[in-house]
Structures are given as C-alpha cells and as structure tokens.
Amino acid sequence: MRSVIDIVDLTTEELDGLIETAVDIIENPQKYSEICHGKKLATLFFEPSTRTRMSFEAAMYELGGNVISMTDAGSSSAAKGESVADTAKTVSCYADIIAMRHPKEGAAYVAAKAASIPVINAGDGGHCHPTQTLADLLTIYREKGGFNNLTVGLCGDLKFGRTVHSLINALSRYEKIKYVLISPEELKLPSYVKRDSIKSRNIPYIQTTELESVMPELDILYMTRVQRERFFNEEDYLRLKDSYILTPDKLQNAKKNLSIMHPLPRVNEISVSIDDDERACYFKQVLNGKYMRMALILKLLKEAGTI
Ligand code: NCD
Numbered sequence: 018m019r020s021v022i023d024i025v026d027l028t029t030e031e032l033d034g035l036i037e038t039a040v041d042i043i044e045n046p047q048k049y050s051e052i053c054h055g056k057k058l059a060t061l062f063f064e065p066s067t068r069t070r071m072s073f074e075a076a077m078y079e080l081g082g083n084v085i086s087m088t089d090a091g092s093s094s095a096a097k098g099e100s101v102a103d104t105a106k107t108v109s110c111y112a113d114i115i116a117m118r119h120p121k122e123g124a125a126y127v128a129a130k131a132a133s134i135p136v137i138n139a140g141d142g143g144h145c146h147p148t149q150t151l152a153d154l155l156t157i158y159r160e161k162g163g164f165n166n167l168t169v170g171l172c173g174d175l176k177f178g179r180t181v182h183s184l185i186n187a188l189s190r191y192e193k194i195k196y197v198l199i200s201p202e203e204l205k206l207p208s209y210v211k212r213d214s215i216k217s218r219n220i221p222y223i224q225t226t227e228l229e230s231v232m233p234e235l236d237i238l239y240m241t242r243v244q245r246e247r248f249f250n251e252e253d254y255l256r257l258k259d260s261y262i263l264t265p266d267k268l269q270n271a272k273k274n275l276s277i278m279h280p281l282p283r284v285n286e287i288s289v290s291i292d293d294d295e296r297a298c299y300f301k302q303v304l305n306g307k308y309m310r311m312a313l314i315l316k317l318l319k320e321a322g323t324i
C-alpha cells in the first residue's frame, strides 16, 4: 500500500505531476468535485493543527468525499494506552485514507506499516512534513514559474522546524539552487539533513546567524517559528524565540521580487505590517496547501484502486 511518510517517497516526476494536477484543479474545480464520492478521509491529529487538518478536510470535501476525525487524542483510546499501530489498523476498517500528525518522529511510518489504507504524514515530531512542502512548492511554482536558479534563505528554527527539512530535500533536486541557512547556533540545520540533501548533491550553501546582511541575495525568504514544543526547557525557548523578527525596515535591501514565505502559525517572526506587502506569500501557501492535498489524496486513492 502506497503511503507518503517523507518527501523522499515522492520522485521529482511525481512532485511535478502533483503540481500539474493542482493547477488543473485550480482551473477546473468542477471536474474534480465528485471524484471521491462515497470515500472517507480519516484525520488523526495527536498534536495541535489549524491549517494542515482543515486543509486536508476541505480538500476531501472539495473532491466530493467525506471526513471522519480524531482531533483530540486525549479523548481517544490513545489516552488509554492504545498503540499507533492498533489505532491505524482500527481506522483502516472505517476509512479509505489517513492523514496523521504525531509528536513522535517515525509515528506515521509505524502507522503506515500497520494500516491497510494509504497513510499521509501530516507532521511527525521534528522530523518531516511532506504536505507542507507540497504547499510550499506550488507557491514557489506560482510565484517564480519554476524551481531552478533560486537562492533560498531559510531562517529561524532550522533544527526542529520539520517543514524546512522536507522543503530542502525537495528543492535540492532542481538545478542551480543555493541555500542561505540563517539560525542561532543552537538551532542549526541537523547534520543529517545537510549531509543527505545538500552536501550529497554538492549544493552551495552558507550558514549564518545574520539575516539582514544576506537579504539582498535572496529570491525566497522562508521564515519559521521557534518550535517551543520541542524544547527541553522553557528558558532556552524564551532566549531564542525572538531571534529573528522580520520588519519592513529589514526588507529595504531585499529584491523587489523576493517571495516571503512562512508555513504558519506565526508568533512574532513576521511583523503584521508586512502582510500587505506584495512579496508576502504566507497566506497564499495556505490556499495552495489545499490544492496540493487534493492532488495527493487523488493520486494515492487512484494507486490504491479505491477510485
Ligand atoms: C508547521 C508544522 O506543524 O510543522 N505548521 C504547519 O503545518 N503549517 C510549522 C509550525 O508549526 O511552526
């Protein structure tokens, strides 16, 4: 059974195919509006979420399907000690596809091994978040027309920020990408991500703690929230949480066609006074996430022979 646990589960051709489907969905929504009639998506969220869960649910409704949800792990059998594998086996009896978020790295993999229906990882701890990357890719595609020749700045919590890990893997597959990794010392990109997705492909990158000095080079600036829930102590979080706050004055030397991205939720990282700047793309990412999740649900249900 085909599941998507990590962005590496999708080939570059498949990423391009999902973008093509999403663009077709945007242009011809009526063509897709009954395609999943009678089918059910189960959303299993063991961690907070607004966009990811609701966009999966909206995606399934817009495909003509239905949704069953477990939104509060505290009121599910997980609270009684049920394993992720048993939950996945159970939900396989009710639904056709699962979207699951869990605080433990690897939980979606365990669920996929046990389930008899496709599982989509909607975020597993500080590991990865492949469908946010799909949202990010469609946004970059629509803003920049493609993925080649981009200097991509990633700023904030590069250690625990799972969206960054998945995005780097995806973008590294394209031509002439350059990374500028901007973070405090303590929140640097994990060495496994650097090794597997950057160094192994000889992609140029610089690491810095300074945002303003690199600003003029960037085509994309991907801001991230410091991931409070992954810290072992509150003191460290409080010290690091406001390391980078993007304000209009910091954009003075930025390119006119810079794309400012953020997976959201934002805490303090981007001043609300930037929201009306035409370079701000973060609410576009939200909408693009729904289209890409529609494309992914369709692909997996087709491959499973469900539709
Ligand atoms: C991200 C996540 O859950 O990793 N949110 C999202 O799904 N859009 C980013 C974050 O929580 O900071």
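Read left to right, the sequence shown gives residues 18 to 324 (our numbering). Even glycine gets a Cβ: it sits at the ideal position worked out from N, Cα and C.
Residues near residue i by beta carbon distance below 6 Å, same chain, minus five either side
| i | result |
| --- | --- |
| V21 | I137, P147 |
| K121 | G142 |
| S260 | P201 |
| C145 | D23, R179, H182, S183 |
| Q149 | T180, P280 |
| R218 | S189 |
| A39 | L155, Y308, M309, A312 |
DSSP three-state assignment for residue i, whether helix, strand or coil
| i | result |
| --- | --- |
| R118 | strand |
| Y196 | strand |
| T180 | helix |
| A139 | strand |
| A59 | strand |
| S260 | coil |
| I324 | coil |
| S276 | strand |
| A132 | coil |
| A112 | coil |
| A297 | strand |
| P233 | helix |
| Q302 | helix |
| A271 | coil |
| D292 | coil |
| R19 | coil |
| L317 | helix |
| L167 | coil |
| L255 | helix |
| L204 | helix |
| L151 | helix |
Beta-carbon proximity of residue i to residue j, cut-off 9 Å
| i | j | result |
| --- | --- | --- |
| A129 | L61 | no |
| L56 | L318 | With the sequence shown as reference, residue 56 is identified as Lys, and Leu is not the correct amino acid for it. Closer than 9 Å, so yes. |
| G140 | H119 | yes |
| T17 | K195 | With the chain running from 18 to 324 in the structure shown, residue 17 is simply not present. |
| S186 | S230 | Note on residue identity: the sequence assigns Asn, not Ser, to residue 186. No, Cβ-Cβ distance for N186 and S230 is not below 9 Å. |
| L154 | I199 | no |
| F73 | A95 | no |
| E295 | L263 | no |
| S173 | M87 | Sequence inspection shows Gly at residue 173; the Ser mentioned does not correspond to that position. No, they are not a contact pair. |
| L35 | L151 | yes |
| Y299 | I277 | yes |
| E252 | P135 | no |
| T104 | S92 | no |
| D325 | K161 | What the structure shows of the chain is the stretch from 18 to 324, and residue 325 is not part of that stretch, so it cannot be assessed. |
| K106 | A132 | yes |
| V197 | E246 | no |
| K301 | T156 | yes |
Opposing strand residues paired with residue i [DSSP bridges]
| i | result |
| --- | --- |
| Q224 | L198 |
| C172 | I199, M240 |
| C145 | D141 |
| I287 | L263 |
| A187 | Note: A187 sits in no beta bridge, so no partner. |
Beta-carbon contacts of residue i that lie in its chain and below 7 Å, excluding the five residues immediately before and after
| i | result |
| --- | --- |
| A76 | K307, R310, M311, I314 |
| F248 | Y254 |
| E2 | Examination of residue 2 is not possible in this model, given that the chain is present from 18 through 324 alone. |
| Y191 | F164, N165 |
| L327 | No information on residue 327 is available, as it lies outside the stretch 18 to 324 that the chain covers here. |
Residue i: CB within 8 Å of a non-hydrogen atom of the ligand HEM
| i | result |
| --- | --- |
| L313 | As presented, the structure is devoid of the ligand HEM, carrying the ligand NCD as its sole ligands. |
Beta-carbon contacts of residue i that lie in its chain and below 8 Å, excluding the five residues immediately before and after
| i | result |
| --- | --- |
| A59 | V84, I85, S86, M87, V108, Y111, A112, I114, I115, A116 |
| I291 | L263, T264, P265, L268, I277, A297 |
### Message
Which complete alpha helix (DSSP H) runs does the segment 22–103 hold, if anything under 4 residues is left out?
### Response
Qualifying alpha helix (DSSP H) stretches, in chain order: 29–44, 68–79.
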